[in-house]
Amino acid sequence: MELSATIRGVAYRFDSVKDVLARANPPKSGDDLAGVSARDAVERVAARAVLADLTLAELREHPVVPYEADELTRVVEDELDAAAFKAVAHLTVGQFREWLLDGATTGATMRAVAAGLTPEMAAAACKLMSNLDLMTVGAKAEVVVRANGTLGLPGRLSSRVQPNHPTDDVEGILASTREGLAYGCGDAVIGVNPATDSAESTAAILRALDDLLRRNEVPTQHCVLSHVTVQLRALQLGCPMDLMFQSLAGTEAANRAFGIDVALLDEAWATMKAKTSNRGPNVMYFETGQGSALSSQAHHGADQVTLEARCYGLARRYRPFLVNTVVGFIGPEYLEDGAQISRAALEDHFMGKLLGLPMGCDACFTYHASMGQDELESLKVLLGAAGCCYLMSLPVGDDIMLNYQSTSFHDIPTVRRLLGKRPTPEFDAWLAARGIADGATPGPRFGDVEVLR
Amino acid sequence: MSRTRALMTALRARLGAAEPLAPPPPLPRVEAPPARVYTPRREASRFAAEAARHTTALVGIGHVGTRYATDVVLQFQAELAVAHAAVAAELPDDWAEAQGMVPVRSRVADHREFLLRPDLGRRLDDASLARLRQRAPRGADVQIIVADGLSAVACQGAGKALAEALRAACQARGLTVGALVGAKFARVWLEDEIGQELDARVAAILLGERPGLGTGDGLSAYLVYAPRIGKTDGDRNMMSNIHARGTPPAQAAARLAALAQAMIAQGTSGVTLDLAQVDGGAELGVGYRAPQVRQRLVEHGGGGGAGGAGGAGGGGRRR
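Same order as they appear, the protein sequences are chains A and B.
Here this note's numbering is used: the first residue of the first sequence is 8, the next is one more, and so on.
Here this note's numbering is used: the first residue of the second sequence is 3, the next is one more, and so on.
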């Protein structure tokens, strides 16, 4: 295996596949912070040239965290589909990129090989792609899942209503939820990040949401995003729960910092399959985001794009209904500005879809990142065009508990109209019946909360 | 006729498009559109008024097509500008000295590096370490540090008042308090090195928190028992949203002093501290945020009159 390349007579040599993957990354402040990024733009291209000649089989043999040291690596390796892997194992990363972009390669063919791909392969292809490459392949890759609604169908763009409240005031949460529904948002999930991580408050919020959704016959699902152990206790209290949530990171050590491991996630999934209040079959919801492993010093010298792909390698074990990357939430020390945040959003969407996940994105920034509102609005259109399954939605995009800026209730119908997208078929029919939408355009009751009882 | 033009003409003829373009249809005549104010003040909506009793989220704001009314856009942009201005502000180098504090700074060189290198913001530079050894007495029960964190605006606003209130509240409980230290380009963990150097039993850093929409003046406090380099977040107790519309500084100081005393009594802090044994302990849980009232920031004209979202009152705010 040759890990060197020459550009204008200068030879560039790399220590390991992990090193090549890291230095091939486009600039990210988090890779600088980890000390793994390329020294300059030319070395970055040299790393990409080396990467383009590695085969997928070689990548499988060199995961960025060793098999013996990490249960995520073991989950991926032990569950890899042999036939699917065999079909693409001989391709170099450069050839794999071309195969993905080829017009003859459809969403169905990509789905057929997804189970044979390791996260490192998805990350490697990502590093050889421009933003439009990522969007082209992302838009082809279709992943369809079902709970009460059917998410990810072609021509659809869904949204999560995120009615967070700094003290979990249930009336305040319901006010934001009603407003969101009246704007045609919420077909992916009504998902609340609780201020208090207790089973009682998790159950109380879920019961209130369940009442609202049943009373108005809304075809969607609910979720309270407390820790998975808290949600398991809430289930013992006998509350409804359509989806179970957990944040994931890309290494075993980083997940320990989150208070989870594979055994706990297995238990959560098994419990939900038995107890979920949704029609199924998909019952889990995961969130990820570049930089989470480094923030707990559990990155093993790997770059944040590859580590993000490893989250998806774990997530697919649980056939989730939703996965989203909270792309700009972690702060400028990992993604400094609008260009880095936008690039990361498209990367994460591409890698997740390629690995077979129904990817959404929380297109967002914190107020200390160098990103403006116009850039954020542009990113939502890029994501919609790239076939992103769902975006977030909040009143004016402002999270009054978590203090960051995301997508607004007004943005969802705007992006749908610009791109000719519709919500899930079940939700679409409900919007029409309530007069909130009239086909692809706003209906007579659009934005009118009185439409909800 | 040139060869190219001849080719084009032949092509048009073959496509049946030899005729010139039909003239465009006449443009519609625009009558003066009605001057409208879409969804005026939120108090006009019964739903918005009812919701405002429970949440500061901007609901009931209406829409123009699928977008915001102009008034909503301006209010939103003002809130965003306040947050960005708070992040961009820098603590003047002479601020701490002028406040009568011992001035220190982290190893960070400039504001951009401060945002990108949290590791450097957690350690003192050499000159600061020397100054601390020379000017700050050692061995206090509680060592208070006032710092910029992610909002120098908040630090310069209520930072000193909160520090002095905390000092008085600690002394009232019989605790000794070291000289106030003022830190620039500081992250939370900088309290570990300062507390270790001054051999304090508890270190308390009061610093500007990451601004939210329309709020750049919030302070957070992080307390740690037996401060040492290498302490983690799990070793700390914190309180956020300290400002006039959240938890006022005087009230916050009283709770923080109770927390410091409990740390010394129990000999620990963070996840192992028994909050049930602290006065008012239930409210000191990690991450607790008091709700804050939303202010209307934009008023047209210079009057700064009353009225506003959620009936908050208060006119255009200036800094």
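Ideal Cβ placement from N, Cα and C applies to all residues, glycine included.
Note that the coordinates shown come from a computational prediction; the quantities given were computed from them, not determined experimentally.
query: At least three beta-carbon pairs within less than 8 Å, the segment 73-87 of chain B to the segment 189-203 of chain A; result: no
query: CB contact check: Leu112 of chain A to chain B, cutoff 9 Å; result: Inspection of the sequence shows that residue 112 of chain A is occupied by Thr rather than by Leu. Not closer than 9 Å to any Cβ of chain B, the Cβ of Thr112 of chain A fails to qualify, so no.
query: DSSP state of Met117 of chain A mapped onto helix, strand, coil; result: helix
query: Within 9 Å, strictly: CB atoms of Ala71 of chain B and Tyr40 of chain B; result: yes
query: Where Phe103 of chain A sits in the DSSP three-state scheme; result: helix
query: CB-CB length for Val144 of chain B against Ala206 of chain B, believed under 8 Å; result: 6 Å
query: Backbone CA spacing between Phe21 of chain A and Glu274 of chain A [nearest angstrom]; result: 41 Å
query: Per-residue DSSP class, three states only, for Tyr74 of chain A; result: helix
query: Contacting residues, own chain, Cβ-Cβ under 8 Å from Val422 of chain A (five flanking each side not counted); result: Leu164, Lys387, Val388, Gly391, Leu398, Lys428
query: DSSP three-state assignment for Glu274 of chain A, whether helix, strand or coil; result: helix
query: Exposed unless 16 or more other CB atoms sit within 10 angstroms - verdict on Ser413 of chain A; result: buried
query: Expected contact under 8 Å - CB spacing of Val269 of chain A and Glu105 of chain A to nearest Å; result: At roughly 35 Å, the Cβ-Cβ gap does not stay under 8 Å, so Val269 of chain A and Glu105 of chain A are not in contact.
query: Alpha carbon of Met240 of chain B to alpha carbon of Leu131 of chain B, nearest angstrom; result: 25 Å
query: Within 9 Å, strictly: CB atoms of Ala439 of chain A and Gly454 of chain A; result: no
query: Environment of Ser242 of chain B [buried if 16+ CB atoms lie within 10 Å]; result: buried
query: The alpha helix (DSSP H) enclosing Ser302 of chain A, as first and last residue numbers; result: 299-302
query: Interface flag, Asn243 of chain B vs chain A, CB-CB below 9 Å; result: yes
query: Listed by chain order, chain A residues near Arg247 of chain B by CB distance under 8 Å; result: Those within 8 Å of Arg247 of chain B in chain A number zero; the least Cβ separation is about 12 Å.
query: Short Cβ contact (9 Å threshold) for Gln228 of chain A with Ala316 of chain A; result: no
query: Where Leu82 of chain B meets chain A, residues with beta-carbon distance less than 7 Å; result: Gln380
query: Simplified DSSP state of Pro449 of chain A, which is helix, strand or coil; result: strand
query: Secondary structure of His229 of chain A, DSSP reduced to three states; result: strand
query: Inter-stretch contact at 8 Å, needing at least 3 Cβ pairs: the segment 136-145 of chain A / the segment 11-19 of chain B; result: no
query: Proximal residues to Arg350 of chain A (C-beta, below 7 Å), its chain only, five neighbours per side dropped; result: Pro33, Asn138
query: Residue(s) in a DSSP beta bridge with Ala18 of chain A; result: A:Thr13
query: Closer than 9 Å at the beta carbon, the chain B residues around Ser11 of chain A; result: What Ser11 of chain A touches in chain B: nothing, since even the nearest Cβ is about 31 Å away.
query: Inter-stretch contact at 8 Å, needing at least 3 Cβ pairs: the segment 441-449 of chain A / the segment 111-123 of chain B; result: no
query: C-beta atoms of Lys86 of chain B and Tyr374 of chain A nearer than 9 Å; result: At residue 86 of chain B the sequence reads His, which differs from the Lys that was named. Yes, Cβ-Cβ distance for His86 of chain B and Tyr374 of chain A is below 9 Å.
query: As assigned by DSSP and simplified to three states, the class of Arg321 of chain B; result: Summary for Arg321 of chain B: the model assigns pLDDT 34, below 50, so the residue's position carries little reliability; its value from the coordinates is reported in the next sentence. Coil, per DSSP.
query: is_contact[Thr414 of chain A, chain B] using C-beta, thresh 9 Å; result: no
query: Where Arg424 of chain A meets chain B, residues with beta-carbon distance less than 7 Å; result: Thr68
query: Touching by the beta-carbon criterion (3+ pairs, under 8 Å), the segment 336-349 of chain A and the segment 113-127 of chain A; result: no
query: Beta carbon proximity, Val196 of chain A to chain E, threshold 9 Å; result: Of the protein chains in the structure, A and B, none is chain E.
query: Neighbourhood of Arg189 of chain B by C-beta distance below 6 Å, restricted to the same chain and skipping five residues each side; result: Pro120, Gly123, Arg124
query: Gln380 of chain A and Ile337 of chain A closer than 9 Å at C-beta; result: no
query: Chain A residues whose Cβ lies nearer than 8 Å to that of His86 of chain B; result: Tyr374
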